[in-house]
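Student: If you read the protein sequences in the order shown, they are chains A and B.
Mapping of the first sequence onto the numbering used here: residues 1 to 85, in sequence order.
Mapping of the second sequence onto the numbering used here: residues 1 to 479, in sequence order.
Where a beta carbon is used, it is the ideal one built from N, C-alpha and C, also for glycine.
Got a structure for you, questions after.
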Amino acid sequence: MMLHYDVFVNSLADLPEDKELQLALRDLTPGKYKYCYKNVKALVSPDPKKYEQGLQVRFGRGQIHPAPYSIKVLEQVERIPERWR
Amino acid sequence: MAFKDNREYIKALDAAGELVTINQEVDWDLEAGAIVRKVCEEQGPSPLMNRIKDYPGHRYLGAPISTYKKLAICLGLDPNSSIPQIATEYLKRTNRPPVKPVLVDKKQAPCKENILLGKDADLFMLPAPMVHDGDGGRYLATWHFVVTKDPDNGDVNWGMYRQMCYDSYTMTGPLLPFSDGGKVFHGKYKPRGLPMPFATVIGPDPLSAIAACAPSPIPESDYTGMLMGKPVELVKCETVDLEVPAHAEIVIEGEILPDVSLEEAPFGEYTGYRTSPRDLRTCYRVKAITFRNDPITTISNMGVPTDEGQLLRSFSLCLEMDALLRSQGIPITGAFMWPESTHHLVVIGVKPIYSNIAAQIAQLVFGSKLGPWFHMVVVVDDQTDIYNYNEVIHALTTKCHPQKGIHIYEGAGTPLYPFLSYEERLKMAGPKVVFDCTFPIDWDPLSEVPRLVSFKTVYPKEIQDKVLANWEKYGFKAR
Numbered sequence: 001m002m003l004h005y006d007v008f009v010n011s012l013a014d015l016p017e018d019k020e021l022q023l024a025l026r027d028l029t030p031g032k033y034k035y036c037y038k039n040v041k042a043l044v045s046p047d048p049k050k051y052e053q054g055l056q057v058r059f060g061r062g063q064i065h066p067a068p069y070s071i072k073v074l075e076q077v078e079r080i081p082e083r084w085r
Numbered sequence: 001m002a003f004k005d006n007r008e009y010i011k012a013l014d015a016a017g018e019l020v021t022i023n024q025e026v027d028w029d030l031e032a033g034a035i036v037r038k039v040c041e042e043q044g045p046s047p048l049m050n051r052i053k054d055y056p057g058h059r060y061l062g063a064p065i066s067t068y069k070k071l072a073i074c075l076g077l078d079p080n081s082s083i084p085q086i087a088t089e090y091l092k093r094t095n096r097p098p099v100k101p102v103l104v105d106k107k108q109a110p111c112k113e114n115i116l117l118g119k120d121a122d123l124f125m126l127p128a129p130m131v132h133d134g135d136g137g138r139y140l141a142t143w144h145f146v147v148t149k150d151p152d153n154g155d156v157n158w159g160m161y162r163q164m165c166y167d168s169y170t171m172t173g174p175l176l177p178f179s180d181g182g183k184v185f186h187g188k189y190k191p192r193g194l195p196m197p198f199a200t201v202i203g204p205d206p207l208s209a210i211a212a213c214a215p216s217p218i219p220e221s222d223y224t225g226m227l228m229g230k231p232v233e234l235v236k237c238e239t240v241d242l243e244v245p246a247h248a249e250i251v252i253e254g255e256i257l258p259d260v261s262l263e264e265a266p267f268g269e270y271t272g273y274r275t276s277p278r279d280l281r282t283c284y285r286v287k288a289i290t291f292r293n294d295p296i297t298t299i300s301n302m303g304v305p306t307d308e309g310q311l312l313r314s315f316s317l318c319l320e321m322d323a324l325l326r327s328q329g330i331p332i333t334g335a336f337m338w339p340e341s342t343h344h345l346v347v348i349g350v351k352p353i354y355s356n357i358a359a360q361i362a363q364l365v366f367g368s369k370l371g372p373w374f375h376m377v378v379v380v381d382d383q384t385d386i387y388n389y390n391e392v393i394h395a396l397t398t399k400c401h402p403q404k405g406i407h408i409y410e411g412a413g414t415p416l417y418p419f420l421s422y423e424e425r426l427k428m429a430g431p432k433v434v435f436d437c438t439f440p441i442d443w444d445p446l447s448e449v450p451r452l453v454s455f456k457t458v459y460p461k462e463i464q465d466k467v468l469a470n471w472e473k474y475g476f477k478a479r
């Protein structure tokens with residue numbers, strides 16, 4: 001499965017299925033912008049086929065969770081206030 | 001002699017056989033980091049990587065000052081100089097009067113050969129490496145320094161604070177509150193709701209980088225001048241009221257936001273572990289990037305020893321401790337940290353002329369501004385060579401009384417200590433220990449003090465001289 005993003009979590013409980021979550025994702029598209037962060041609202045699932053895009057899960061010290069998730073990005077979120085942009 | 005930039009230093013490394021030039025393409029995504037890590041673990045020559053995937057025209061220099069040999073070259077010394085010889089030269093230079101920097105025109109500043117402003121100042125146009133698998137992001141700033149200024153008195157600080165590329169215009173990183181830059185940000189800008197201007201200098205000349213690592217109270221630009229023996233050349237930034245070394249490879253300018261924190265880490269750290277938890281950390285917003293033609297990004301790869309952070313912090317921390325203790329009249333013979341201790345353990349030699357001198361030494365160094373960076377002090381007497389690992393281990397295991405000679409203190413520490421619990425890290429707890437490896441001075445020297453049994457101590461001088469004079473005749477190799 002193609003992995004489009006990854007996300008760091010403390011535990012898998014941080015990724016409840018089908019609940020709208022705000023996440024800081026890293027873009028895994030090869031090239032110059034690989035690992036650029038995107039803040040999004042999204043739905044995730046431990047079923048790798050449920051949504052179209054693949055999500056790699058990592059834990060707090062960088063360890064990879066062996067089973068990929070899937071993700072549906074609903075919208076991008078800007079966390080830096082307008083006055084600083 | 002002093003190198004005006006990293007390019008001159010690279011030539012000197014090459015001439016000394018301490019450089020490997022790699023002309024095949026290297027991937028910024030882990031391959032470059034893996035090369036540098038292996039070099040650190042083998043204490044090998046610095047790799048100059050001339051072709052980087054996705055980034056034509058950019059280059060890397062890895063492990064720039066990761067060995068004492070390279071440190072000697074930085075100072076213009078024989079690469080085979082001993083550690084005490086390097087320390088003597090360093091102290092000679094840093095005990096002379098401060099040398100103020102000079103300001104040069106933009107036209108004389110190679111770091112202005114390319115200028116990107118506003119939306120053109122995109123961090124992903126620079127080849128930030130993915131240093132270790134599992135890091136929280138690409139770390140552009142691993143061997144660099146961050147320039148900031150006190151808003152009240154104008155004091156300028158150069159500090160080495162890691163920075164991770166978050167998005168095109170944002171970096172994140174820990175600006176610890178007990179660091180010099182952190183004190184000004186957390187103590188002044190943040191409470192006033194003001195952004196703190198910053199300039200990140202990547203690929204400075206080697207002595208500027210060493211000055212940025214040194215915990216000296218002297219301004220780092222003056223300290224660089226003392227090390228160089230001439231003023232360092234600075235140039236004004238494009239968008240912030242700060243000055244940076246004119247011969248630096250890359251400069252990133254912007255503001256540290258007072259009210260925004262974003263995710264940073266994990267990262268392989270100088271302790272040899274990933275310790276600090278991923279957390280919301282300081283947010284650097286970028287306004288401009290300037291760089292030389294064919295810029296060389298420097299990479300330090302923190303991990304198990306030895307990297308330049310471990311080596312230079314060990315070197316400069318113990319020299320500052322040496323100066324502190326001598327200023328207080330403590331009769332020390334010297335202070336030394338093995339880089340392999342990740343600057344957590346200092347060995348201090350002293351002439352034990354009164355009781356509890358080890359406790360006094362420990363209280364002085366733990367209570368100083370150097371205190372948060374280390375937690376073990378081993379005090380040995382003046383018969384022990386502090387640079388000799390065998391002698392220090394022998395003293396520790398034979399002279400330190402397990403009940404009376406080990407004292408524990410509370411103090412401030414870094415959250416990067418791997419042995420701390422998560423709660424202790426959040427509180428910046430810093431438990432500390434001193435090992436007193438001196439025999440009590442009230443022991444009778446004839447009946448109570450054990451006598452060291454060594455070639456130097458239990459044979460008459462004439463026997464020693466005879467044995468040494470005949471050593472090769474006996475059939476041994478000269479040493």
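Please compile the residues from chain A whose C-beta is within a distance smaller than 8 Å of the C-beta of valine 260(B).
Tutor: Arg79, Ile80, Pro81 and Trp84
Student: What residues of chain A sit near threonine 170(B), judged by a beta carbon separation below 9 Å?
Tutor: Tyr37 and Ile80
Student: Grab me the residues of alanine 211(B)'s own chain with a C-beta within less than 8 Å of its C-beta, minus the 5 sequence neighbours each way, in chain order.
Tutor: Trp158, Glu220, Ser221, Tyr223, Thr224 and Leu227
Student: Run through the DSSP bridge pairs and tell me what lysine 432(B) is partnered with.
Tutor: Tyr409(B)
Student: In chain A, which residues lie with their C-beta within 7 Å of the C-beta of aspartate 294(B)?
Tutor: Within 7 Å of the CB of aspartate 294(B), no CB atom of chain A is found; the nearest one sits about 18 Å away.
Student: If we call anything under 7 Å between Cβ atoms a contact, is glutamate 233(B) one with alanine 288(B)?
Tutor: no
Student: Anything in chain A within Cβ reach of methionine 130(B), meaning under 7 Å, just list it in chain order.
Tutor: Tyr35
Student: Can you pull the chain B neighbours of alanine 24(A), defined as C-beta to C-beta under 9 Å?
Tutor: By Cβ distance, chain B contributes Tyr166, Leu262 and Glu263.
Student: Which residues in chain B have a C-beta closer than 8 Å to the C-beta of glutamine 56(A)? List them in chain order.
Tutor: The contacting residues do not exist; glutamine 56(A) stays about 11 Å from chain B at best.
Student: Could you pull the start and end residues of the alpha helix (DSSP H) that valine 244(B) belongs to?
Tutor: Segment 243–245 is the beta strand (DSSP E) holding valine 244(B); no alpha helix (DSSP H) there.
Student: Grab the span of the alpha helix (DSSP H) containing glycine 225(B) for me, first residue to last.
Tutor: 220–228
Student: For chain B, is any of its Cβ atoms less than 7 Å away from the one on phenylalanine 8(A)?
Tutor: Among the CB atoms of chain B, one or more fall inside 7 Å of the CB of phenylalanine 8(A).
Student: Are at least three pairs of beta-carbons, each pair with one atom in the stretch 48–64 of chain A and one in the stretch 7–24 of chain B, less than 8 Å apart?
Tutor: no
Student: Our contact map puts threonine 290(B) next to cysteine 111(B) with C-beta atoms below 8 Å; I'd like the distance itself, whole angstroms only.
Tutor: 5 Å
Student: Assuming alanine 248(B) contacts proline 204(B) under a Cβ cut-off of 8 Å, what Cβ separation, rounded to an integer in Å, is found between them?
Tutor: 5 Å
Student: Per DSSP, which residues does leucine 103(B) bridge with? Please list them.
Tutor: Leu234(B)
Student: Under 9 Å between beta-carbons, which chain B residues line up against glutamine 63(A)? List them in chain order, please.
Tutor: Gly134
Student: Give every residue of the same chain whose Cβ lies closer than 7 Å to the Cβ of lysine 34(A), excluding the five residues on either side of it in the sequence, and list them in chain order.
Tutor: Asp27 and Leu28
Student: With a cut-off of 8 Å, do at least 3 Cβ pairs link the stretch 276–283 of chain B to the stretch 38–58 of chain B?
Tutor: no
Student: Kindly list the residues whose CB is nearer than 7 Å to the CB of glutamate 89(B), restricted to its own chain and excluding five residues on each side of it in sequence; keep chain order.
Tutor: Leu75 and Leu77
Student: For the beta strand (DSSP E) holding glutamine 363(B), just list the boundary residues, first then last.
Tutor: Taken as a continuous stretch (DSSP letters only), glutamine 363(B) belongs to no beta strand (DSSP E), being part of the alpha helix (DSSP H) at 357–367.
Student: What does lysine 41(A) reach in chain B if we use C-beta pairs closer than 8 Å?
Tutor: Within chain B, no C-beta atom comes less than 8 Å from the C-beta of lysine 41(A); the nearest is roughly 16 Å away.
Student: In the DSSP assignment, what are the bridge partners of glutamine 495(B)?
Tutor: Since the first residue shown for chain B is 1 and the last is 479, residue 495(B) is missing from the structure and cannot be characterised.
Student: Pairing CB atoms from the stretch 137–155 of chain B with CB atoms from the stretch 185–197 of chain B, are three or more of them under 8 Å?
Tutor: yes
Student: Assuming tyrosine 166(B) contacts leucine 262(B) under a Cβ cut-off of 8 Å, what Cβ separation, rounded to an integer in Å, is found between them?
Tutor: 6 Å
Student: With valine 434(B) and valine 379(B) assumed to form a contact (beta carbons below 8 Å), what rounded beta-carbon distance in angstroms separates them?
Tutor: 6 Å
Student: Examine chain B for any beta-carbon lying closer than 7 Å to the beta-carbon of lysine 32(A), and answer yes or no.
Tutor: Taking Cβ atoms only, chain B reaches closer than 7 Å to lysine 32(A), which makes this a yes.
Student: Determine the direct distance from the alpha carbon of proline 331(B) to that of proline 45(B), and round the result to whole angstroms.
Tutor: 39 Å
Student: At a Cβ threshold of 7 Å, is leucine 227(B) touching chain A?
Tutor: no
Student: I believe alanine 246(B) touches alanine 109(B) by the beta-carbon criterion, under 8 Å. Please report the beta-carbon distance rounded to the nearest angstrom.
Tutor: 4 Å
Student: Would you mind sorting threonine 398(B) into buried or exposed? The rule is 16 or more other CB atoms within 10 Å of its CB.
Tutor: Burial state of threonine 398(B) is exposed, judged by a 10 Å Cβ sphere holding fewer than 16 other Cβ atoms.
Student: Scan the stretch 104–127 of chain B for residues whose Cβ lies nearer than 7 Å to a Cβ of chain A and list them as they occur along the chain.
Tutor: Phe124
Student: Is threonine 172(B) closer than 7 Å to glutamate 308(B) when the C-beta atoms are compared?
Tutor: Contact: no.
Student: Step through the CB atoms of chain A and report whether any lies within less than 7 Å of the CB of arginine 285(B).
Tutor: It does: the Cβ of arginine 285(B) has a partner Cβ on chain A nearer than 7 Å.
Student: Roughly how many angstroms lie between the CA atoms of leucine 61(B) and tyrosine 69(A), to the nearest whole one?
Tutor: Taking the straight line from one Cα to the other gives about 38 Å.
Student: Determine the chain A residues that contact leucine 257(B) at a beta-carbon separation under 7 Å, and present them in chain order.
Tutor: Trp84
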